[in-house]
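If you're matching them up, the sequences are chains R and Y in order. Numbered according to numbering that gives the first Met the number 0, the first sequence terminates at residue 396, and the numbering increases by one at each position without gaps. Numbered according to numbering that gives the first Met the number 0, the second sequence terminates at residue 258, and the numbering increases by one at each position without gaps. Ideal placement from N, C-alpha and C gives every residue a C-beta, glycine not left out. As the structure is a prediction and not an experimental result, all values here were calculated from the model. Structure record follows, encoded as structure tokens.
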Amino acid sequence: MRILLIIVCILGALKPAWALEVSGYAGIESLGFIHDANYDNQHNHYLSGVIQPEIFHEWDDGRQNFAFVPFYRYSQHDSRRTHFDIRELSWLKAAETWELRVGIRKVFWGVAESQHLVDIVNQTDWVENIDGEDKLGQPMINLALIRDWGTLDLFVLPGFRERRFPGEEGRNRPPIPISMDHANFSKDGFERQMAYAMRWSASFNVWDIGLSHFYGTSRDPLILLEFDPATGKPRLIQRYDTINQTGLDVQMTEGNWLWKLEAIVRSGQRNTYFAGTGGFEYTFFGVFDTGLDLGLLAEYLYDSRGRTNRSLFAFEDDFLVALRFGFNDAQSTEILAGVLFDRNSSTKFYSIEASRRIAANWKLSVEARLFGQVANDDQAFFLKDDDHIRAELTFHF
Amino acid sequence: MKNLLLLALLALFAQPLLALSPEQQGRDIFVAIDKRENGFGDTRADVKMILKNRSGDESLRLLEIKTLEVQNDGDKSLTLFDSPRDIKGTALLSFTHALTPDDQWLYLPALKRVKRIASANKSGPFLGSEYAFEDLTSTEIEKYSYHYLRDEPLDGIDCFVVELTPRYEHSGYTRQITWVDKARYVVLKTEYYDRKNALLKTQTFSQYQQYLGQYWRPLDQLMVNHQNGKSTRLLSENFQFRTGLTERDFDQNALKRSR
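This is how it looks when you write it as structure tokens:
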């Protein structure tokens with residue numbers, strides 16, 4: 000928090016010379032669990048508050064900008080979920096054939112909806128939401144070369160960030176909370192802190208293609224069981240390996256169809272493996288002569304590690320089927336409802352996300368995540384009683 | 000003999016005029032409009048969208064629109080949403096084409112994600128307004144077939160009345176009837192007929208301003224939906240021409256950095 004204060008003071012001092020644009024949101028969240036907690040110290044209902052202001056300045060006719068986006072969530076229970084992050088603190092310079100982006104930023108790669116295999120630059124903010132779409136800010140130097148043949152992004156990513164997992168009082172966790180103090184790395188010192196990446200992306204006609212490579216400390220850890228040498232008690236620790244990952248993402252857009260493919264090959268984290276997600280989204284525009292758009296989504300998820308994998312949530316042979324309702328009304332009402340099912344077991348994971356603007360600056364979002372018939376040997380087994388409904392009311396300024 | 004020659008000459012010149020089909024006449028009017036638009040280069044404008052529902056409640060959207068003229072193809076545009084605040088920073092990049100589907104990318108700032116979106120979405124409402132995507136894209140000659148109907152004054156201004164039939168796929172309209180100001184060659188009114196050929200919407204264009212001594216832009220456009228009783232008013236401010244925008248201001252990198 001002290002860092003935030005200092006930054007705010009610096010920005011305050013700069014303000015006379017700079018016209019800063021301030022926006023952002025603040026909200027309250029209710030997170031309710033349908034079943035009673037399985038483990039001691041857990042709760043059935045959690046209240047929390049969040050704020051994410053955005054301070055932005057653009058000059059040089061939009062060719063340079065500065066952005067500062069701090070984030071803070073306070074949670075009634077589970078101190079690990081109470082967390083502060085700098086989502087963005089960056090400077091950007093755009094020229095005719097290149098862009099330089101320096102500072103803490105967030106980068107997204109990929110096209111699929113069920114999982115984001117190719118997206119690897121930022122650490123996932125797992126305590127924020129288990130959908131994996133919230134990310135921690137990542138320090139980076141990113142040079143983009145912009146040519147006729149596409150954009151080549153080069154990244155130097157200093158500063159590794161460990162994933163945060165729910166603590167004693169949190170839900171969505173194994174019987175013992177994953178330790179935040181005993182992370183284990185394949186490299187030490189400078190090398191542990193570093194990662195490098197590059198991505199080429201281009202659009203040709205109906206095709207949008209990205210080809211990427213990442214080298215450095217993996218963002219998603221393996222979770223290992225070990226015994227505390229002092230007390231002899233079991234504990235779950237995070238293990239981060241130095242990996243090479245090559246990724247491909249392709250989307251073909253034609254008429255009402257979006258065809259999507261993401262594929263990765265990763266080495267350095269146990270055996271080399273391959274994973275992929277492919278599928279489509281077909282949209283019926285303006286059904287029943289209304290403004291309603293109805294989208295049908297289907298994706299197949301594959302992971303060559305199969306059932307031997309020990310990381311959280313491996314989708315080794317799964318299908319996602321979902322419906323997307325876009326009401327296109329003045330309140331921007333949207334619903335995305337889907338079920339992810341494992342082809343080799345009974346495990347099903349249901350998800351419904353809905354949002355609607357309820358007044359000029361207010362928005363209500365509701366998410367329901369239900370774990371159905373989780374198989375005993377499934378890695379998601381510990382989540383079987385963590386069905387929950389999350390409602391968040393946000394004020395946008 | 001002399002008279003006969005004159006008659007023949009007259010016939011030679013008069014023939015094309017007399018034989019001008021309503022289709023050709025209608026098309027010629029829009030070619031003339033298009034010609035006057037030629038060479039605008041690029042524009043920037045701030046747009047205020049006022050949505051009004053049946054009971055008169057209003058909601059507001061603020062947009063920043065940049066447009067780049069592309070020779071021999073549809074224009075490129077980048078629309079940045081400033082309000083409602085929950086979608087602030089969302090931006091839409093469009094490469095419009097005459098007959099092949101447009102290319103569109105949507106930038107979602109919360110996820111930092113660029114999504115290529117389906118091009119069949121022509122008739123869908125834009126941001127919950129009474130404007131469909133197809134009402135807001137650039138007008139290319141080849142997009143329609145034309146039929147000149149009649150001359151008729153509109154609010155005391157002499158107009159050509161021309162019927163336009165979309166030639167591109169996925170349009171929500173069977174036809175549009177337009178009133179074109181004979182003196183300035185600008186559209187003053189458009190009636191949109193839905194897929195069942197019933198009158199759906201009327202768009203009126205007013206407060207035309209001329210820029211660079213050539214290009215006319217309406218600062219006020221009102222779209223009234225007769226079937227649901229809603230309306231949307233588009234007010235443009237700070238129109239600027241030839242501001243030095245290039246192709247680079249209309250690529251995915253520019254889309255991601257706009258806020």
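Which residues in chain Y sit within 7 Å of residue i, going by Cβ to Cβ distance?
i: T252(R); result: R115, A117, S118
i: T255(R); result: Per the sequence shown, residue 255(R) should be read as Asn rather than Thr. Near N255(R) (Cβ distances below 7 Å), the residues of chain Y are A117, A119.
i: N64(R); result: R256
i: D207(R); result: R115
i: G290(R); result: G123, P124
i: F203(R); result: Neighbours of F203(R) on chain Y: none; closest Cβ ~10 Å, over 7 Å.
i: F55(R); result: R258
So what's residue i in DSSP terms, helix, strand or just coil?
i: L382(R); result: helix
i: K65(Y); result: strand
i: E36(Y); result: helix
i: R309(R); result: Confidence is the limiting factor: at R309(R) the pLDDT is only 44, short of 50, which leaves the residue's position unreliable, though a coordinate-based value still follows. Three-state DSSP puts R309(R) in coil, outside helix and strand.
i: V223(Y); result: strand
i: V373(R); result: coil
i: F326(R); result: coil
i: Q237(Y); result: Note that residue 237(Y) corresponds to Asn in the displayed sequence, not to Gln. N237(Y): strand per DSSP, three-state reduction.
i: V110(R); result: coil
i: I28(Y); result: helix
i: D84(R); result: strand
i: P165(Y); result: strand
i: N174(R); result: Here residue 174(R) is Pro; the residue named in the question, Asn, does not match the sequence. The answer is coil: DSSP assigns P174(R) none of H, G, I, E or B.
i: P165(R); result: coil
i: G188(R); result: helix
i: F283(R); result: strand
i: P21(Y); result: helix
i: K134(R); result: strand
i: R57(R); result: Note that residue 57(R) corresponds to Glu in the displayed sequence, not to Arg. Strand at E57(R).
i: Q122(R); result: coil
i: R247(Y); result: helix
So is residue i buried or exposed if we call it buried at 16+ other beta carbons inside 10 Å?
i: S74(R); result: buried
i: R342(R); result: exposed
i: E246(Y); result: exposed
i: A111(R); result: buried
i: A31(Y); result: exposed
i: K200(Y); result: buried
i: L233(Y); result: buried
i: D219(Y); result: exposed
i: V21(R); result: exposed
i: H34(R); result: exposed
Do residue j and residue i have their beta-carbon atoms positioned less than 9 Å apart in this structure?
i: A90(Y); j: L254(Y); result: yes
i: S122(Y); j: F284(R); result: yes
i: L98(Y); j: K229(Y); result: no
i: K259(R); j: F273(R); result: no
i: E98(R); j: N141(R); result: yes
i: T136(Y); j: T95(Y); result: yes
i: D328(R); j: P124(Y); result: yes
i: A182(R); j: I119(R); result: no
i: Y349(R); j: L322(R); result: no
i: D60(R); j: G212(Y); result: no
i: G26(R); j: I50(R); result: yes
i: Y145(Y); j: E162(Y); result: yes
i: R79(R); j: M179(R); result: yes
i: R160(R); j: L135(R); result: yes
i: D248(R); j: S211(R); result: yes
Which chain Y residues sit within Cβ distance under 9 Å of residue i?
i: T123(R); result: Those do not exist, as T123(R) stays about 13 Å from chain Y at its closest Cβ, beyond 9 Å.
Please list the partners that residue i has in chain R, where partner means a Cβ-to-Cβ separation under 7 Å.
i: K111(Y); result: K105, V106, F107
i: S58(Y); result: A329, A359
Whose Cβ in chain R lies nearer than 8 Å to the Cβ of residue i?
i: P83(Y); result: S331, R356, A359, N360, H395
i: L50(Y); result: A329
i: N252(Y); result: A93, E98, A143, I145, T150
i: K87(Y); result: S22, H395
i: Q73(Y); result: According to the sequence as given, residue 73(Y) is Gly; it is not Gln. Here the premise fails: no neighbours, minimum Cβ distance about 15 Å.
Since residue i meets chain Y, which of its residues come closer than 8 Å, beta carbon to beta carbon?
i: G285(R); result: S122, G123, G171
i: E132(R); result: L110
i: Q282(R); result: Looking at the sequence itself, residue 282(R) is Thr, so the reference to Gln does not match. Going along chain Y in sequence order, the residues near T282(R) (Cβ under 8 Å) are A117, A119, N120.
What in chain R is Cβ-close to residue i, meaning under 9 Å?
i: R247(Y); result: A93, A94, E95, T96, I145
Quick one: is residue i near chain C, going by C-beta distance under 9 Å?
i: K92(R); result: Absence of chain C from the displayed structure is noted, the protein chains being R and Y.
Would you list, in sequence order, the uninterrupted beta strand (DSSP E) runs of no fewer than 3 residues that lie entirely inside the segment 231-269 of chain R? With a minimum length of 3 residues, the continuous beta strand (DSSP E) runs that stay inside the segment 231-269 of chain R are 233-239, 241-253, 256-267.
What residue ranges within the segment 86-159 of chain Y form continuous beta strand (DSSP E) runs of no fewer than 3 residues, ordered along the chain? Those beta strand (DSSP E) runs which fall completely within the segment 86-159 of chain Y and span 3+ residues are 90-94, 102-107, 112-116, 143-153.
Within the segment 189-221 of chain Y, note down every full beta strand (DSSP E) run reaching 3 residues or more, in order along the chain. List check, beta strand (DSSP E) in window: 198-210.
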